[in-house]
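Colleague:
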Amino acid sequence: NAMKNSYLNRFSAFDLILTSLIAAVGIAVKPIVGSFVRMVTMPIMMPAGAVAGIVYMFWVTLAAGLVRKHGALLLFGFVQAVVALIFGYGSHGAASLMTYILPMVVAEIVLILFAAPGGNNISSFLAGGLANVTGAFLVNLVILRVPKEPLYYILSLSFVFGGIGGLFGFKAAKELRRFV
């Protein structure tokens, strides 16, 4: 209990609400984004989840860039996992805890290594890319079980699209900081 309190005490009420709202919006748009991306990517034989990472990781680095405190992404991942479990987004079931939280652990580690809790161009690209790769790998491990060679292709696309989304989220956060 003391550890939980010390973790949450680093955040203001505004930080907690902002992180939770961004996480909730990110998960709420997931079915819409997923459907649209599948429409576009299926005819050209690209994996939809990897490409959709451009939108999924946007929310991640937007939250990091607005809250600018280490640990915000762990809260972000937890909120998304809980919302996914409660409202049945995706087919991960209880594995949602792992598939939503572990990518945020990876993104947090990147931001810690760069000493950039709010991100910068490079750390946001890497955080988005590596978080998307982690998520794609975990979904493959838990559900898809794609063979090795196509998995490399999926993970490569996940890195690129997640990185671009991460960079866009950081840029948006930079602009929005003037208002929050």
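Note that the numbering used here has the sequence shown beginning at 6, numbered continuously upward.
Glycine is no exception: its CB is placed at the ideal position from the N, C-alpha and C atoms.
These figures come from a predicted structure and were not determined experimentally.
Spatial neighbours of residue 56 within its chain, please: CB distance less than 7 Å, with the 5 preceding and 5 following residues excluded, ordered by chain position.
Modeller: As a first step, residue 56 is located in the sequence shown; it is residue number 51 there, counting from the start. So the qualifying residues of the chain are 42, 46, 162, 166.
Colleague: Run through the stretch 114 to 159 for me and flag every whole alpha helix (DSSP H) of 4 or more residues, listed as ranges in chain order.
Modeller: 126 to 144
Colleague: Confirm, please, whether the CB-CB distance from residue 86 to residue 114 is below 8 Å.
Modeller: The residue given as residue 114 occupies position 109 in the sequence shown. The residue given as residue 86 occupies position 81 in the sequence shown. Against a cut-off of 8 Å, the Cβ pair of residue 86 and residue 114 comes out as no contact.
Colleague: Return the CA-CA distance between residue 124 and residue 73, expressed in angstroms with no decimal places.
Modeller: Along the sequence shown, read from residue 1 onward, the residue named residue 124 stands at position 119. Along the sequence shown, read from residue 1 onward, the residue named residue 73 stands at position 68. Rounded to whole angstroms, residue 124 to residue 73 spans 8 Å at the Cα level.
Colleague: Around the Cβ of residue 71, are there at least 16 other Cβ atoms within 10 angstroms (buried) or fewer (exposed)?
Modeller: Counting from one through the sequence shown, the residue named residue 71 turns up at place 66. So residue 71 counts as buried.
Colleague: So which of 153, 140, 179, 88 has the shortest CA-CA distance to residue 129?
Modeller: Numbered from 1 along the sequence shown, position 124 holds the residue referred to as residue 129. Residue 179 is the option with its Cα nearest to residue 129.
Colleague: Going by C-alpha distance, which of 153, 84, 33 is nearest residue 94?
Modeller: Counting from 1 along the sequence shown, the entry for residue 94 is found at position 89. Of the listed residues, the one whose Cα sits closest to residue 94 is 33.
Colleague: Give the DSSP-derived three-state secondary structure of residue 16 in the structure shown.
Modeller: Working through the sequence shown from its first residue, we reach residue 16 at position 11. Residue 16: coil per DSSP, three-state reduction.
Colleague: Taking 8 Å as the limit between beta carbons, can you name the residues of its chain near residue 22, skipping five residues before and five after?
Modeller: Here residue 22 is taken as the residue at index 17 of the sequence shown, counted from 1. If we look at residue 22 and ignore the five residues flanking it on each side, it has no Cβ neighbours.
Colleague: Residue 37: buried (16+ other C-beta within 10 angstroms of its C-beta) or exposed?
Modeller: Residue 37 sits at position 32 when you count from the first residue of the sequence shown. Exposed is the call here.
Colleague: Could you have a look at residue 42 and say whether DSSP puts it in helix, strand or coil?
Modeller: Taking the first residue of the sequence shown as position 1, residue 42 is located at position 37. Of the three classes helix, strand and coil, the one that applies to residue 42 here is helix, per DSSP.
Colleague: Going straight from the alpha carbon of residue 154 to that of residue 126, what length do you get?
Modeller: Position 149 of the sequence shown, counted from the first residue, corresponds to residue 154. Position 121 of the sequence shown, counted from the first residue, corresponds to residue 126. So the two alpha carbons sit approximately 30 Å from each other.
Colleague: Let me know if residue 98 comes out buried or exposed under the rule of 16 or more other beta-carbons within 10 Å of its beta-carbon.
Modeller: Locating residue 98 in the sequence shown gives position 93, where the first residue counts as 1. It counts as exposed.
Colleague: Cβ-heavy atom distance between residue 126 and the ligand FAD below 7 Å?
Modeller: With respect to the ligand FAD, the structure shown offers nothing to examine, as it has no ligands at all.
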